[in-house]
């Protein structure tokens with residue numbers, strides 16, 4: 001586990017990675033709770049509400065590029081791109097489904113490249129009518145990765161400032177509370 005920073009590489013402890021992943025889970029939950037929809041327009045609005053900083057705007061721009069790449073790749077299956085409104089909105093189940101799909105589409109996780117086949121996309125609650133389009137999962141994955149990478153850079157800077165060779169959960173906490181882009185969310 002290493003962070004390649006501008007000055008030097010830093011190692012990151014398992015506890016620090018867990019803290020960052022927990023933060024990203026909370027961020028994802030807040031986004032879904034704010035949107036209360038599986039509609040991309042509502043999800044984009046939720047990002048602006050939950051993270052109304054330049055970090056949020058930059059994350060949206062990154063997600064837009066990822067989505068454009070997805071559409072242009074020819075790998076998209078338009079039959080899976082339907083949006084269904086669900087009432088009442090099953091927040092916890094939608095969160096769990098997004099979480100597992102974002103893990104699947106993430107480029108930051110460890111997985112063999114042949115494990116990313118279209119038929120292997122997890123679908124926890126599909127039988128219950130909760131269908132998350134691949135484009136939505138890819139979009140939110142890009143947002144989470146952007147915020148996650150930003151957080152890792154902050155943690156590396158805090159580690160450098162504190163003279164720590166290994167970033168721990170303390171450095172993560174300091175990074176989250178000291179950064180004006182993230183603190184409103186944290």
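Residue numbers (UniProt numbering): 1 to 186. No residue lacks a Cβ here, since even glycine has one placed at the ideal position from N, Cα and C. Keep in mind it's a predicted model, so treat the numbers as computed, not measured.
query                                                                                                                                                                         : result
Using a 10 Å radius around the Cβ and a threshold of 16 neighbouring Cβ atoms, would you call residue 183 buried or exposed?                                                  : exposed
Identify the residues that DSSP records as bridge partners of residue 180: which are they?                                                                                    : The partner list for residue 180 (beta bridge, DSSP) is empty, contrary to what the question assumes.
Buried or exposed for residue 180, going by 16 or more other Cβ atoms inside 10 Å?                                                                                            : exposed
Looking at residue 19: is its Cβ nearer than 8 Å to the Cβ of residue 143?                                                                                                    : no
Taking its Cβ as the centre, do 16 or more other Cβ atoms sit within 10 Å of residue 172, making it buried, or is it exposed?                                                 : buried
By DSSP, does residue 134 sit in helix, in strand, or in coil?                                                                                                                : helix
Considering Cα atoms alone, identify which of 28, 30, 132 and 165 is closest to residue 39.                                                                                   : 132
Excluding the five sequence neighbours on either side, which residues of its own chain have a C-beta within less than 6 Å of the C-beta of residue 89, listed in chain order? : 36
For residue 74, is the classification buried or exposed, using 16 other Cβ atoms within 10 angstroms of its Cβ as the cut-off for buried?                                     : exposed
Assuming the contact rule is C-beta atoms closer than 8 Å, residue 43 and residue 136 should be a hit. Round their C-beta distance to whole Å, please.                        : 7 Å
If distances are taken between C-alpha atoms only, which option among 164, 21, 146 and 52 comes closest to residue 34?                                                        : 52
Is the Cβ-Cβ distance between residue 50 and residue 185 less than 8 Å?                                                                                                       : yes
Is the separation between the beta-carbon of residue 168 and that of residue 26 shorter than 8 Å?                                                                             : no
Just the C-alpha distance for residue 118 and residue 68, rounded to the nearest angstrom, thanks.                                                                            : Since pLDDT at residue 118 reaches only 49, below the 50 mark, its modelled position is unreliable, and the value read off the structure follows with that caveat. Roughly 18 Å separates the two Cα atoms.
Can you confirm whether residue 24, when its beta carbon is compared against all beta carbons of chain C, has any partner nearer than 8 Å?                                    : Among the chains in the structure shown there is no chain C, since it carries only a single protein chain.
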